[in-house]
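Everything on this sheet refers to the single structure shown next.
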Amino acid sequence: MHIVFAASECTPWAKTGGLADVVGGLPKTLAALGHRVSVFLPYYRQVAKLKPDAPVVLPSVTIPFPYYNRFVRVLDGGLSNGVQTYFIDCPEFFDRESLYATPSGDYPDNAERFGLLSRAIIEASKILGVPDIFHVHDWQTAMLAVLLRSTYYFDPVLRHVPAVLTIHNAGYQGWFPPRTMETLLLPWDMFTFDKLEYHDTVNFLKGGIVYADAITTVSRKYAEEIQTPEFGHGLEATLSGRSRDLVGILNGVDYSEWDPAIDPHIAAHYSADKLAGKKECRRDLLHAFDLHGVSDETAVIGVVSRFATQKGIDFIVEIMDRLVEQDMVMVMLGNGEEYYERLLLETANRHPARLRVKAVFDSVMAHKIEAGADIFLMPSRYEPGGLNQIYSLKYGTVPVVRATGGLEDTIDEQPNGGGNGFKFWGYSPDALLDAVLRALSAFRNKQEWTAMMRRGMAQNFSWDAPAKEYVRVYERVIKNRT
Ligand code: ADP
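Everything in the sequence shown is counted per my numbering, starting at 209 for the first residue and increasing by one.
What follows is the structure in structure tokens.
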């Protein structure tokens, strides 16, 4: 089967979060299963830096807008692990500092940028090879599913090609003003509440949910949660209306990137049988955060996170004054909303011996934290899949998480200490503190702790099983359309 991935992020090219890891990992496994996989991405400035000489495959593809056309090039990103990558080159839209936003807000032309991306992928596919299925991701490429069933409805080569939409986070939907219908040449009769309209905006994700042949999301729990008002972000009714076509498939992990036995970014290699290297990684991590004289008995708590309300950063700030009384140090890596960056840096200034914060995006440091910390903290309000807790398991870094979405599906706390981590249900700082205190208390019992680390390290969350589940979804929708 030929599968086209349409995405706005993919490791190692461009990344702001877990979406990039998924689009980097799943296609490789699908290719290993014998499928032909092409991945289309924007040729962002970051991508151009990594591959300045990408060969031109298509010198000019016409993308119509009202009264004018735009012209994009398609570049060859190369064939790697059986996956063919293409870049959509449109400098006026993608040659920018960031992917989606500056610190002062989203780029105002995001509807045009990602509308163009979706259309360009369809047009390029018509020339480079019509796939058996389009797999689109989040609001950024959801419009592709809409275009297929509207503007491209009568296209004889695309008519029977289905689209699968994966929702990596329902909190980001791509809301744009009504005039976007005209900018993207969409028929006005689709601007209704059962289609694209949402409180007088054009909602890209909603369009994808309505028009995709199947919808997947990144854990079973989140597939249930998004059909409720608490997690649906206003799309719960649209989602439950499609519950027969909605399936949760837990994200896999690319262990060629995230395995302490081979990770090139960490100070020493280690595995469940040979844990010694983890001590070296811990020393290296403390050094990187300028923390000196930390005893082996002191627990090192790590956080790697986008700084966004979703991630429960405010809970961490709230418990900090009480947590500093414990025998622990916390190292945090993250970036995002300025408000949280400032709040955390202020808190770190008050407790310099206990809390260190790096407010940057630094992939190497993310690996060092996974390897060097003892405990990994994820107090998310909601978490569709969550990858960091799964990486943490592999690195023997015991997760403390809020029981939501993929965190609920992957972390298991047992009353007798027999699980792989610690979790809390209540949505409050006290519930978080309680769980951290349980973890700190377990950390003092070295034998129990090492056994828990090893249980996590032995678990396998590779892409093999999830990729097969995706294939089953693809096969089902292809069959339904023919
Ligand atoms: P989300 O997609 O909601 O951000 P996930 O846990 O699914 O959350 O994935 C986050 C991914 O982004 C992980 O690979 C994590 O290591 C990475 N990441 C997040 N923040 C940073 C940062 N500041 N520097 C480096 N990597 C980061």
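Using N, Cα and C, we set each Cβ at its ideal position, and we do this for glycine too.
(request) Tell me where the alpha helix (DSSP H) around Phe412 begins and ends. (result) Phe412 to Tyr419
(request) Consider the C-beta atom of Thr517 and the heavy atoms of ligand 1; say whether any pair is separated by less than 8 Å. (result) no
(request) Verify the contact flag: Lys223, CB atom, against every heavy atom of ligand 1, threshold strictly below 8 Å. (result) Flag set: Cβ of Lys223 near ligand 1.
(request) Could you please give me the residues that DSSP links to Lys631 through a beta bridge? (result) Val609
(request) Measure the C-alpha to C-alpha separation of Ala214 and Leu404 and round it to an integer number of angstroms. (result) Going by the C-alpha atoms only, they are around 20 Å apart.
(request) Count the CB pairs spanning the segment 272–282 and the segment 293–303 that are closer than 8 Å, and state whether there are at least three. (result) Output reads yes: the segment 293–303 touches the segment 272–282.
(request) Enumerate in chain order the residues of its own chain whose CB-to-CB distance from Leu373 is below 7 Å, with the five nearest sequence positions on each side excluded. (result) Val344, Ala350, Ala353, Gly416, Ile417, Ala420 and Ile423
(message) Val455 and Glu677 - do their beta-carbons sit closer together than 9 Å?
(response) yes
(request) Apply the 10 Å Cβ neighbour rule to His376 and answer buried if 16 or more other Cβ atoms are within range, or exposed otherwise. (result) buried
(request) Below 8 Å on the Cβ atoms is my guess for Lys429 versus Asp620; work out the distance and round it to an integer in Å. (result) No, Lys429 and Asp620 are not in contact; Cβ-Cβ is about 13 Å, not under 8 Å.
(request) Determine the DSSP secondary structure at Val231, reduced to helix, strand or coil. (result) helix
(message) Alpha carbons only, please: which of Tyr406, Tyr308 and Leu336 is nearest the one belonging to Thr293?
(response) Taking the Cα of Thr293 as reference, the smallest distance to any Cα among Tyr406, Tyr308 and Leu336 is reached at Leu336.
(message) To the nearest angstrom, how far is the alpha carbon of Gly242 from that of Lys487?
(response) Computed Cα separation, rounded: 41 Å.
(message) Please determine whether the Cβ atom of Tyr275 lies at a distance below 8 Å from any heavy atom of ligand 1.
(response) no
(message) Suppose contacts are defined by Cβ-Cβ distances below 9 Å. Is Gly382 in contact with Trp347 by that definition?
(response) yes
(message) I need the straight-line Cα distance from Leu601 to Asn668, nearest angstrom please.
(response) If I take the Cα positions, the gap works out to 9 Å.
(message) Give the list of continuous alpha helix (DSSP H) stretches no shorter than 4 residues that lie fully inside the segment 350–427.
(response) 388–391 and 412–419
(message) Could you check whether the Cβ of Pro592 sits closer than 8 Å to any heavy atom belonging to ligand 1?
(response) yes
(request) Classify Arg652 as buried or exposed, calling it buried when 16 or more other Cβ atoms lie within 10 Å of its own Cβ. (result) exposed
(request) Would you list the residues sitting across from Leu287 in a DSSP beta bridge? (result) Gln292
(message) Report the start-end ranges of each alpha helix (DSSP H) in the segment 471–546 that is 4 residues or longer and not cut off at the edges.
(response) 484–496 and 521–531
(message) Please report the straight-line C-alpha distance between His368 and Val681, rounded to a whole angstrom.
(response) For His368 and Val681, the distance between alpha carbons rounds to 16 Å.
(message) Which residues does DSSP list as the beta-bridge partners of Ala222?
(response) Cys218
(message) Suppose contacts are defined by Cβ-Cβ distances below 9 Å. Is Trp221 in contact with Gly460 by that definition?
(response) no
(message) Using a Cβ-Cβ cutoff of less than 7 Å, which residues in the same chain neighbour His473 once the five nearest sequence positions on both sides are dropped?
(response) Val572, His575 and Lys576
(request) Please list, in chain order, all residues of the same chain as Arg662 whose beta carbon is under 6 Å from its beta carbon, the five residues on each side excluded. (result) Ala480
(message) Please tell me whether, using a cut-off of 8 Å, the distance from the CB of Val264 to the nearest non-hydrogen atom of ligand 1 is below it.
(response) no
(request) Excluding the 5 residues preceding and the 5 following Ala431 in the sequence, name in chain order all residues of the same chain whose CB lies nearer than 7 Å to its CB. (result) Thr425, Leu454, Val455 and Gly456
(request) Grab the span of the alpha helix (DSSP H) containing Ile335 for me, first residue to last. (result) Asn318 to Leu336
(request) Mind checking who Ala309 pairs with in its DSSP beta bridge? (result) Asp314
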